[in-house]
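Here the structure is laid out as structure tokens; the discussion comes afterwards.
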Amino acid sequence: MEPFRTSIQITPSEHKLTYENSAMFMGSCFTENIGNLLAEFKMPVDVNPFGIIYNPVSVKNSIDILLRKKFFTTSDLHFLNEQWFSFYHHSRFSNEDSDICLKAINERIQRSSGFIKEAEFLFITFGTARVYRYNKTGEIVSNCHKIPAGEFTEILLSAEDIVNEFTPLIQQLQKINKKINIIFTVSPIRHWKDGAEDNMLSKAILIVSVHKLMSALKQIYYFPSFEIMMDDLRDYRFYEEDMLHPNPVALKYIRKKFSETFFDEPTLLLQKEIEKIIKARLHKPFNSGSENHAGFIKKNIALIESLESKYPFLNFKEEKEYFVIGNR
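In this note's numbering, the protein residues as written are 1 to 328.
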């Protein structure tokens with residue numbers, strides 16, 4: 001009998017992401033979804049040190065800042081609606097106090113600058129080929145921070161633009177960090193405000209640019225998250241109510257494909273053990289004073305201690321505090 005769907009087969013990566021190496025994730029909210037899941041599983045990851053960013057130029061600028069370890073000063077900030085902010089950062093860094101804003105930005109640059117120079121993986125997710133140039137300064141911004149649209153010029157990048165931006169950057173990064181593997185992916189989330197045709201044109205430009213980079217440079221790979229969503233999961237039941245964002249079922253499926261591609265068996269087995277603790281922490285007891293709940297707490301503390309003994313690099317500080325202090 002013929003299958004009723006087009007399942008995408010992905011060749012497992014030769015380079016495995018384990019608990020003994022590290023990975024940085026940069027780009028759209030899709031990369032944040034995957035990266036934060038791995039952080040939850042206690043893997044050594046650094047997720048979006050500038051916050052969520054969607055376009056290739058902003059990703060390139062962010063990596064360049066980390067490689068140069070460029071710290072920000074007040075002159076790099078802007079002030080609007082009683083908030084100090086950076087055009088290179090998500091609004092999560094914004095603050096009514098410029099010193100607090102700068103402290104958050106520079107502390108993250110300090111940490112992530114060292115991280116990217118030692119990481120074995122860099123996962124980059126492009127969301128759109130559209131960029132916005134701030135007319136007053138000529139900057140390509142990562143976030144418009146609710147400044148009126150008339151103060152920006154919208155530009156659709158070409159594949160050549162993206163390749164020209166990334167080629168020297170990747171060469172510089174690989175010169176500093178020879179072991180790094182760079183995996184590109186294109187976000188399956190539609191940018192519908194641009195219209196159906198422009199959204200697909202933008203995604204096509206991103207895909208072409210990545211494959212041009214793969215052809216020209218070494219240690220560059222592609223994970224087909226966009227294709228999985230468009231061709232493998234082409235049904236509205238895999239979308240949120242807005243019909244644009246993948247729902248939890250779709251994200252779980254894409255994560256499974258990601259795991260099969262980049263994780264080895266020991267890593268998957270350890271994640272299953274950690275998942276038991278994650279689920280236990282979410283458990284809401286019917287009677288927190290019962291003997292059954294006391295046994296539940298004791299069992300999970302024992303599991304944590306066992307994992308910490310086998311894998312000293314794991315940190316369950318928050319979980320132990322939850323089970324010991326939070327359940328008194």
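Beta carbons are placed, not taken as given, at the ideal position from N, Cα and C, and that holds for glycine. Given the structure is predicted, the values throughout are model-derived calculations rather than measurements.
Output the boundary residues of the alpha helix (DSSP H) element that contains N292. Unbroken alpha helix (DSSP H) run through N292: 291-310.
Counting C-beta neighbours from all protein chains within 10 Å, is the total for D97 16 or more, i.e. buried, or is it exposed? By the neighbour-count criterion, in which a residue is buried when 16 or more other Cβ atoms sit within 10 angstroms of its Cβ, D97 is exposed.
Would you tell me roughly how many angstroms separate the C-alpha atoms of L213 and K203, rounded to the nearest one? Taking the straight line from one Cα to the other gives about 16 angstroms.
Flag this pair as touching only if the region 239-259 and the region 30-45 have three or more C-beta atom pairs under 8 angstroms; answer yes or no. The answer is yes - the region 30-45 touches the region 239-259, with three or more Cβ pairs under 8 angstroms.
So, does the CB of S112 fall closer than 9 angstroms to a CB anywhere in chain C? In the displayed structure, chain C is absent; only one protein chain is listed.
Is it the case that the Cβ atoms of I105 and F72 are separated by a distance below 9 angstroms? Closer than 9 angstroms, so yes.
Is the number of C-beta pairs between the region 287-307 and the region 205-220 that are closer than 8 angstroms three or more? No, because fewer than three Cβ pairs between the region 287-307 and the region 205-220 fall closer than 8 angstroms, the two stretches do not touch.
Less than 9 angstroms between the C-beta atoms of F263 and F223, yes or no? Not a contact, by the Cβ cut-off of 9 angstroms.
Assuming S28 contacts G127 (C-beta within less than 8 angstroms), just tell me the rounded distance between them. In this structure S28 is in contact with G127, their Cβ atoms being roughly 4 angstroms apart against a cut-off of 8 angstroms.
Could you tell me if A302 is buried or exposed, where buried requires 16 or more neighbouring beta carbons within 10 angstroms of its beta carbon? So A302 counts as exposed.
Within a Cβ cutoff of 7 angstroms, which residues of the same chain sit near D76, ignoring the five residues on either side of it in sequence? Only S86 meet the Cβ criterion.
Beta strand (DSSP E) containing G27: first to last residue? Unbroken beta strand (DSSP E) run through G27: 23-27.
For L122 versus N55, is the C-beta spacing smaller than 9 angstroms? No, the Cβ-Cβ distance between L122 and N55 is not below 9 angstroms.
Ignoring anything shorter than 4 residues or poking outside the region 174-245, list the alpha helix (DSSP H) runs there in chain order. Runs of the alpha helix (DSSP H) inside the region 174-245: 196-216.
Reduced DSSP secondary structure (H/G/I, E/B, other) of I124: If DSSP states are grouped into helix, strand and coil, I124 belongs with the strands.
Do you know how far the Cα of M200 is from the Cα of A280? Going from the Cα of A280 to the Cα of M200 covers about 42 angstroms.
Top-ranked residue by Cα proximity to R133, from S58, Q110, S62: Residue nearest to R133 within the set S58, Q110, S62 is S58 (criterion: CA-CA distance).
Under 9 angstroms between the Cβ atoms of D161 and S112? With contacts defined by Cβ atoms closer than 9 angstroms, D161 and S112 do not form a contacting pair.
Alpha carbon to alpha carbon, how far is K272 from F50? Spanning the two alpha carbons is a distance of roughly 30 angstroms.
If you count every other CB in all the chains shown that lies within 10 Å of the CB of A129, and 16 or more means buried, which is it? The residue is buried, with at least 16 neighbouring Cβ atoms inside 10 Å.
Taking D64 as the reference, which of W84, F30, E165, E151 has the closest Cα? Of W84, F30, E165, E151, the smallest CA-CA separation from D64 is found for E165.
Cβ contact (3+ pairs, closer than 8 angstroms) linking the region 180-197 and the region 143-152: With a cut-off of 8 angstroms, the region 143-152 and the region 180-197 do not count as touching, because too few Cβ pairs lie within range.
K60: which of H293, E118, Q171, K136 sits nearest, CA to CA? It is Q171 whose Cα lies nearest to the Cα of K60.
If distances are taken between C-alpha atoms only, which option among S259, T261, I228, K193 comes closest to P246? The option with the nearest alpha carbon to P246 is I228.
Using the three-state DSSP reduction, which class does Y54 fall into: helix, strand or coil? If DSSP states are grouped into helix, strand and coil, Y54 belongs with coil.
Under 9 angstroms between the Cβ atoms of S7 and D232? Taking 9 angstroms as the cut-off, the Cβ atoms of S7 and D232 count as close.
R92 - DSSP class collapsed to helix/strand/coil: Helix.
Nonlocal neighbours in the same chain, by C-beta distance under 6 angstroms from I220, ignoring five residues either side: I182, L213, M214.
Taking the beta strand (DSSP E) that Y132 falls in, what are its first and last residues? Boundaries of the beta strand (DSSP E) around Y132: 130-134.
What does a CB cutoff of less than 7 angstroms around E82 pick up in its chain, not counting 5 residues either side in sequence? Here the set comprises E96.
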